[in-house]
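Inspection log for the structure reproduced underneath, given as structure tokens.
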Amino acid sequence: MSKFGELVDLNIPVLLDFYTEWNEASVAMHPVLRDVAAALGDKAKVIKIDVDKNSQLAEALRVKGLPTLMIYKSGEMKWRHSGEQDANTLIGLLKEHL
Numbered sequence: 001m002s003k004f005g006e007l008v009d010l011n012i013p014v015l016l017d018f019y020t021e022w023n024e025a026s027v028a029m030h031p032v033l034r035d036v037a038a039a040l041g042d043k044a045k046v047i048k049i050d051v052d053k054n055s056q057l058a059e060a061l062r063v064k065g066l067p068t069l070m071i072y073k074s075g076e077m078k079w080r081h082s083g084e085q086d087a088n089t090l091i092g093l094l095k096e097h098l
């Protein structure tokens with residue numbers, strides 16, 4: 001949990017993807033997130049968080065549906081969505097917070 005604060009307290013937008021390997025929609029997001037990370041380079045950060053390995057964090061953030069996507073900047077949540085999103089939408093959202 002203490003590491004979470006360090007992850008999201010950056011001056012660039014951080015896209016968090018809460019997923020599990022057994023959830024089809026979560027797995028379908030993997031290539032989308034690679035595209036987002038490639039498109040934005042070092043202007044934003046994409047972090048995947050396995051809910052099975054980080055259940056306390058997922059519980060604290062009330063992650064219910066998978067995948068759950070969140071954008072943080074400077075430690076503050078700017079956007080949240082449960083379910084799949086396409087790369088262009090995510091890139092646009094992250095660019096809004098650059």
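Numbering (full-length UniProt numbering), first residue to last: 1 to 98.
Think of the CB as a built atom: it goes at the ideal place given N, C-alpha and C, for glycine as much as any other residue.
Counting only runs of at least 3 residues, the segment 6-94 fully encloses the following beta strand (DSSP E) elements, listed from N- to C-terminal order: 14-19, 45-50, 68-73 and 76-82. Distance between G65 and S26, taken at the CA atoms: about 10 Å.
At a Cβ-Cβ threshold of 8 Å, L10 and I71 do not count as neighbours. In this structure, the straight-line span from the alpha carbon of W22 to that of K95 is close to 30 Å.
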